[in-house]
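Working notes, structure below.
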Amino acid sequence: MKLRIALIALIYLSISTGNAQDNEVLLTIDNQQVTSKEFMTVYQKNNVDIQTAEKKSIEEYLELYINFKLKVIEAESLGLDTVQSFRKELDGYVNQLTEPYLVDRDYEEALIREAYDRLQEEVNVSHIMIRVRNGATPEDTLKAWNTINNLYDSAIVAPSFEELALETSEDPSVKDNNGNLGYFTAFRMVYPFENAAYQTNPGNISRPFRTTFGYHIVKVYDVRPARGELRTAHIMLISNDQSTEAEKKEAERKIQEIYSELKQGANFTEMARVYSEDRGSSRKGGELPWFSTGRMVPEFEEAAFSIEKDGDISEPVKTQFGWHIIKRLEYRKMGSYEEEYKSLKSKVEKDKRSRGSRESLIRKLKIEYKVKTYPKAKEPFVALVDTSFFKGSWDESRAEGLNSRIMTLTDKTYSGEKKTYTQKDFAQYIKSKSRKSPIRDSRQTVNELFDQFVGEMIIEHEKSVLKLKYDDFRLLANEYHDGILLFEIMEQKVWKKALKDTAGLEKYYNTHKNEHMWGQRVDATLYYCENDSLSNIVMDNLEKGRADTAILSRTNKTSALAVSLKKGRFEKDEIEELSKIGWQENSIQKINSNNRSVVIRIREILDPQPKELDEVRGIMASGYQDELDKMWIEELRAKYPVEVNQEALDRLIVEN
Numbered sequence: 000m001k002l003r004i005a006l007i008a009l010i011y012l013s014i015s016t017g018n019a020q021d022n023e024v025l026l027t028i029d030n031q032q033v034t035s036k037e038f039m040t041v042y043q044k045n046n047v048d049i050q051t052a053e054k055k056s057i058e059e060y061l062e063l064y065i066n067f068k069l070k071v072i073e074a075e076s077l078g079l080d081t082v083q084s085f086r087k088e089l090d091g092y093v094n095q096l097t098e099p100y101l102v103d104r105d106y107e108e109a110l111i112r113e114a115y116d117r118l119q120e121e122v123n124v125s126h127i128m129i130r131v132r133n134g135a136t137p138e139d140t141l142k143a144w145n146t147i148n149n150l151y152d153s154a155i156v157a158p159s160f161e162e163l164a165l166e167t168s169e170d171p172s173v174k175d176n177n178g179n180l181g182y183f184t185a186f187r188m189v190y191p192f193e194n195a196a197y198q199t200n201p202g203n204i205s206r207p208f209r210t211t212f213g214y215h216i217v218k219v220y221d222v223r224p225a226r227g228e229l230r231t232a233h234i235m236l237i238s239n240d241q242s243t244e245a246e247k248k249e250a251e252r253k254i255q256e257i258y259s260e261l262k263q264g265a266n267f268t269e270m271a272r273v274y275s276e277d278r279g280s281s282r283k284g285g286e287l288p289w290f291s292t293g294r295m296v297p298e299f300e301e302a303a304f305s306i307e308k309d310g311d312i313s314e315p316v317k318t319q320f321g322w323h324i325i326k327r328l329e330y331r332k333m334g335s336y337e338e339e340y341k342s343l344k345s346k347v348e349k350d351k352r353s354r355g356s357r358e359s360l361i362r363k364l365k366i367e368y369k370v371k372t373y374p375k376a377k378e379p380f381v382a383l384v385d386t387s388f389f390k391g392s393w394d395e396s397r398a399e400g401l402n403s404r405i406m407t408l409t410d411k412t413y414s415g416e417k418k419t420y421t422q423k424d425f426a427q428y429i430k431s432k433s434r435k436s437p438i439r440d441s442r443q444t445v446n447e448l449f450d451q452f453v454g455e456m457i458i459e460h461e462k463s464v465l466k467l468k469y470d471d472f473r474l475l476a477n478e479y480h481d482g483i484l485l486f487e488i489m490e491q492k493v494w495k496k497a498l499k500d501t502a503g504l505e506k507y508y509n510t511h512k513n514e515h516m517w518g519q520r521v522d523a524t525l526y527y528c529e530n531d532s533l534s535n536i537v538m539d540n541l542e543k544g545r546a547d548t549a550i551l552s553r554t555n556k557t558s559a560l561a562v563s564l565k566k567g568r569f570e571k572d573e574i575e576e577l578s579k580i581g582w583q584e585n586s587i588q589k590i591n592s593n594n595r596s597v598v599i600r601i602r603e604i605l606d607p608q609p610k611e612l613d614e615v616r617g618i619m620a621s622g623y624q625d626e627l628d629k630m631w632i633e634e635l636r637a638k639y640p641v642e643v644n645q646e647a648l649d650r651l652i653v654e655n
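Numbering that gives the first Met the number 0 numbers the first residue of the sequence shown as 0 and each following residue consecutively.
Here is the structure:
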């Protein structure tokens, strides 16, 4: 699979060109036309990052491209593009290609810029939360909404936001932090919470807002410049709520002793390996991953960011987990927008905030495709969506007889069709979403399902017209199509054939074996000895005719490395020591090389000769594949007519 992806991506990924003759037909093969743009897309991609001497001219590359297209056309004529495995693989690639086209790009760019700007600052906030479970009834939701609004009114006049949070917040952590979450930056909280924190001025309290956890209000205390990121190591001794008083005292005494040894020059990495009780990091010398504000407990974080230089250590620091000594390893600030763009784009796409980009696109497409919905047609489903939906057993047969239109979509520009979606379509969609889940209000559930249905139908239509709407997508999708077909037919006609045709491979070998010759070689054994005494023992044993196993049993009694050997047939430049001696059959010689004493026994000198097939099987198989490929291309060129528009080709040569 990786080979397929590499092959297709390397050869056929698309880039845009801007010539006036882009849509001019350059090439016709068996009545299939290729435009100048399609050809130049592949040509330019394949000539990027290639040494000048290796770059193909347009004429040279056109010949290669014709060969490629001939193979694809042959694959299609054999029906390889109709095989289920091909369709499944292609659909998988194309679905990946669609994702960048199914978002509002302007909206996404705004999210990336917003994230970058927010990452320049850190905010310190407290919050009060009133829980609202997912799927709560309208009555429960309204009750929570009224409660948070009353708390907002109280917070405006309360002398202490923290005391009010401790008394009223339903966040379980409030008992430990009085509602204060410390400093944090973008991507640390759910997006609605992040928005409230960054959109509220210091000293003010936000209006109530909703997250997946419930309703909140936040008070912003401070905004400061972001402190960047740190990579640290630490030595930790456990001292927590489960520790006895004696254990706590012992941990404090021990951490002070460790700190004293470190100040006297002890190696931090070794001390961490030996003494740290953080099992996750101790075996790595205490090293921790990169972190920024909000990632560590406050005491650890403050101590770490207070260390001024790489390599310096902190005094012992107490946290809820125990005692720590922290070593600063590396510090970095955020780069420019351009430097951070790729990473931020990935984070935005993986974050739930990216849903807004899809929703923004759907809103635009509703206008573009003149989408109309018929709310009255969904009313019967309020009664039909009962508890069976939340048990995962709802079936569209419950909506039998309902077939009125529920949505229409009109696309005059691309597909030229008007699509009508009925109650039956909606019923099938409801069935697809039925699964075990908490029981919710029926009307609320139907309304949410209908909104999702409308959005998904719009996106499905958009997917179906991407090739018509975006030329670059069409080219890229077609190139994946052709690339997979090329892989399949090459495997059948060339690669596997060359491996299975042993008689053909042997014939090719016999024709070309003199192109792959061994130089002069020796049949020899080299004995690498730790000292002269051992080499003398080796020479003495060789002269007595003892076998290598007997020699090693004598020399390697105390160390398996005392004498080691290399045995085989070698060319002079293959082993350094062989180039330092004169070659003589049935000889035993000794030299010093790289602080070792080396004994060399030469049994035979071999004249230059062709390499055996097994020694060059890979090279020969590759050459045989090339030969099969050339013969096959000749057959294809005879089978399918090829016409080149010379005027169009001349224009491309002049313009490029």
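Note that the Cβ used here is the ideal one computed from N, Cα and C, for glycine as well.
What you are looking at is a predicted structure, and each value in this text was computed from that prediction instead of being measured.
Under three-state DSSP, which class holds residue i?
i: residue 334; result: coil
i: residue 7; result: Caution is warranted here: a pLDDT of 45 is assigned to residue 7, below 50, making its placement in the model unreliable, and no coordinate value can be reported.
i: residue 588; result: strand
i: residue 527; result: strand
i: residue 276; result: coil
i: residue 532; result: helix
i: residue 25; result: strand
i: residue 547; result: helix
i: residue 637; result: helix
i: residue 595; result: strand
i: residue 204; result: strand
i: residue 283; result: coil
i: residue 255; result: helix
i: residue 556; result: coil
i: residue 626; result: helix
Taking buried to mean at least 16 other C-beta atoms within 10 Å of its own C-beta, is residue i buried or exposed?
i: residue 491; result: exposed
i: residue 327; result: buried
i: residue 25; result: buried
i: residue 332; result: exposed
i: residue 548; result: exposed
i: residue 457; result: buried
i: residue 600; result: buried
i: residue 410; result: buried
Counting along the chain, where does the alpha helix (DSSP H) carrying residue i start and finish?
i: residue 35; result: 35-45
i: residue 395; result: Looking at the DSSP string, residue 395 is not in any alpha helix (DSSP H), and its letter there is neither H nor E.
i: residue 107; result: 104-117
i: residue 144; result: 137-156
i: residue 484; result: 470-489
i: residue 507; result: 501-511
i: residue 173; result: 173-176
Give the DSSP bridge partners of residue i, in chain order.
i: residue 517; result: 608
i: residue 404; result: 421
i: residue 123; result: 182, 221
i: residue 213; result: 130
i: residue 323; result: 235, 316
i: residue 601; result: 523, 586
i: residue 230; result: 329
i: residue 372; result: 406
i: residue 496; result: Beta-bridge pairing links residue 496 to no other residue.
Mind checking whether residue i and residue j have CB atoms under 8 angstroms apart?
i: residue 79; j: residue 472; result: no
i: residue 44; j: residue 22; result: no
i: residue 656; j: residue 33; result: Since the first and last residues shown for the chain are 0 and 655, residue 656 lies out of range.
i: residue 576; j: residue 592; result: yes
i: residue 609; j: residue 513; result: yes
i: residue 257; j: residue 321; result: no
i: residue 121; j: residue 183; result: yes
i: residue 118; j: residue 225; result: yes
i: residue 627; j: residue 493; result: yes
i: residue 405; j: residue 377; result: yes
i: residue 386; j: residue 438; result: yes
i: residue 229; j: residue 330; result: yes
i: residue 485; j: residue 620; result: no
i: residue 521; j: residue 652; result: no
i: residue 453; j: residue 380; result: no
i: residue 639; j: residue 57; result: no
Starting from residue i, follow the beta strand (DSSP E) in both directions and report where the run begins and ends.
i: residue 562; result: 562-570
i: residue 641; result: 641-643
Does residue i get closer than 8 angstroms to chain D when you measure Cβ to Cβ?
i: residue 610; result: Protein chain content of the structure displayed is limited to a single chain, and chain D is not contained in it.
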